[in-house]
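In terms of this note's numbering, the sequence shown is numbered consecutively and its last residue is 1123. By construction, the Cβ of each residue, glycine as well, lies at the ideal position given by its N, Cα and C atoms.
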Amino acid sequence: MTAVTRREVLRDLAVTTAALSAAGVAWPVLAQDEVVIPFTDLPAAAPGAPPQRMPPSLQTFYTPNDEFFAVQHYAVPAVDVATHRLQIGGLIDRPFELSMDDLRKRPRMEQVVGFECSGNNNARANPLVGNARWAGTGLAGLLRAAGLKSTAKEIVFFSADRNSEEVSHGGNVATVDQHFARSLSVDDAMRPEMLLAYEMNGAPLPPGHGGPVRLIVPGWYGVANVKWLQRIHVQDTRFMGKFMAREYVTLRGTDMAGETIWAETSVARMRLKSFIGRVTRRGSICTITGVALTDGTPLKAVEVRVDDGQWKPTTLSKENTQYSWKMFTYTWQDPHPGEHRLVSRVIDMNGAIQPEAADPNKKTRWENNEQFVRRLVIPS
Ligand SMILES: Nc1nc2c(c(=O)[nH]1)N[C@H]1C(S)=C(S)[C@@H](COP(=O)(O)O)O[C@H]1N2
Ligand SMILES: [Mo]
744 MTAVTRREVL RDLAVTTAAL SAAGVAWPVL AQDEVVIPFT DLPAAAPGAP
794 PQRMPPSLQT FYTPNDEFFA VQHYAVPAVD VATHRLQIGG LIDRPFELSM
844 DDLRKRPRME QVVGFECSGN NNARANPLVG NARWAGTGLA GLLRAAGLKS
894 TAKEIVFFSA DRNSEEVSHG GNVATVDQHF ARSLSVDDAM RPEMLLAYEM
944 NGAPLPPGHG GPVRLIVPGW YGVANVKWLQ RIHVQDTRFM GKFMAREYVT
994 LRGTDMAGET IWAETSVARM RLKSFIGRVT RRGSICTITG VALTDGTPLK
1044 AVEVRVDDGQ WKPTTLSKEN TQYSWKMFTY TWQDPHPGEH RLVSRVIDMN
1094 GAIQPEAADP NKKTRWENNE QFVRRLVIPS
């Protein structure tokens, strides 16, 4: 994939990834006689480009920091670790600010969290996904120390990155400077898994991934994980910022007592999803590897189907945790030479099944979770 192709993934978003520049360098770790079988459902690599290497490479459970995708809507802001302050204010008893040293002195918490950008889609083979071990301090403890007032309803997370935005409502147009910001309800923000992260896979959080400190909201789509966190503001009204109420909004029709009601919702918890990302061959045995994503609801199974065969159970990685991506493998014995179709589906504890096709009642481009049929050719 070229940078241009990747940029098209999200059209108006600035998508960068170190994996692109490293594409010719970081090769899959393969056993001596093991080869990667390329998918034929992807656009062909440009002449001279390294052979197909789709992110996620799925070679490892933890995505290396320099291969983890990055999405930002504005320029990466220059944040000085030594002077950076995280400010907490609004409807709290004790407004305060914290240096990075202050944050590091607070109780340490680690979480393995995998997420995808809600703009991922099968047509582009879902490259915007990763899994990492994040470390920092719990959000709930910090909010408790601040003392939420009884009127507090919503917690807003403002970043250091900002841009001039034209805002138009009711015929009035204003151009103002706005920070990237997202919010959580008090109930969501107080959940024990919410994390203010300053480390990624054991290293200080890299600037490209929101360093020195970002919010990690396990089980939610990427957009919730506010990078370059600067200000936490507690308020008693709904936050209506660009990335809550104008962008990252899904329009969906739902049946309510026999009538289709069209409603818009802010992108939030991840929908049940899985996809195959890698097939390798060693002699007569192929290994199919993929990942599943959930909102934290425990899984029942991930299944794989080859061509028109039965759905077969896969093996789930022992490293999977509640909020990690769920890696799975399936051993495909003696595949016949020729063209094949491979597809996966995930089923959760409540019996919900990843849908086969896109929801015809979803009219917007976020939150795609339909099954992804992969194609490849087994050489004779
Ligand atoms: N401050 C800030 N945080 C942000 C964004 C941004 O543009 N600015 N993009 C969001 C989106 S859309 C995604 S998918 C994730 C990507 O996180 P990553 O770049 O570490 O992969 O960051 C989120 N946090
Ligand atoms: Mo995103």
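With respect to Val1045, Leu1085 sits apart: the two C-beta atoms are not nearer than 9 Å. Gly965 sits in a helix when the DSSP states are folded into three classes. Counting C-beta atoms within 10 angstroms of its own C-beta, Gly890 has fewer than 16 neighbours from the protein chains shown and is therefore classed as exposed. Sequence-distant partners of Val856 (beyond 5 residues in either direction) whose C-beta falls short of 6 Å from its own C-beta, in its chain, are Trp877, Ile959, Pro961, Tyr1066.
Linking Lys1105 to Val778 through their CA atoms gives a straight-line distance of about 39 Å.
Taken atom to atom, the span from the alpha-carbon of Met937 to that of Ala866 is near 32 Å. Separation of the CB atoms of Ala1035 and Phe1071 is rounded to 7 Å, and the pair is thereby assigned contact status at 8 Å. A distance criterion of 8 Å places the beta-carbon of Asp904 in contact range of ligand 1, judged by its closest non-hydrogen atom.
Collapsing the DSSP output to three states places Met987 in a helix. Gln978 has its CB no nearer than 8 Å to any heavy atom of ligand 1. If you compare the alpha carbons of Gly1081, Ala1100, Met1092, Tyr1073 with that of Ile1121, the shortest gap goes to Gly1081.
According to DSSP, Phe811 shares a beta bridge with no other residue.
According to DSSP, residue pairing for Gln978 in a beta bridge involves Glu897.
Check the Cα spacing between Thr1058 and each of Gly1052, Asp1051, Ala868, Val1089: the tightest is with Val1089.
Judged by their CB atoms, Lys1069 and Thr1030 are not nearer to each other than the 9 Å cut-off. CA-to-CA, the gap between Ser1027 and Leu773 works out to about 16 Å. By the C-beta criterion, the region 942–956 is judged to be in contact with the region 966–986, since at least 3 inter-stretch pairs fall below 8 Å. With contacts defined by Cβ atoms closer than 9 Å, Ser800 and Gly1020 form a contacting pair. In the DSSP assignment, Val916 falls outside any alpha helix (DSSP H) and within the unbroken beta strand (DSSP E) covering 915–928. Contact between the region 892–909 and the region 919–936 is established, with three or more Cβ pairs separated by less than 8 Å. Residue environment: Ala813 is assigned as buried (16 or more neighbouring CB atoms within 10 Å of its CB, all protein chains considered). Secondary structure note for Ala889: its alpha helix (DSSP H) is the uninterrupted segment 882–889. A Cβ-Cβ distance of about 5 Å is found for the pair Ala875 and Met943, placing them in contact under the 8 Å criterion. For Leu846, the secondary structure class from DSSP, reduced to helix, strand or coil, is helix.
The Cβ atoms of Ala903 and Pro820 lie closer than 9 Å to each other. Listed in chain order, the non-local C-beta contacts of Trp1005 below 7 Å within the same chain comprise Leu994, Gly996, local neighbours out to five positions each way being set aside. The continuous beta strand (DSSP E) containing Met999 extends over residues 992–999. Looking at the DSSP output, Trp1005 bridges to Gly996. For Pro1056, the beta-bridge partners assigned by DSSP are Glu1046.
Between Arg1118 and Asp784 the beta-carbon gap is near 4 Å, inside 8 Å, which marks them as a contact.
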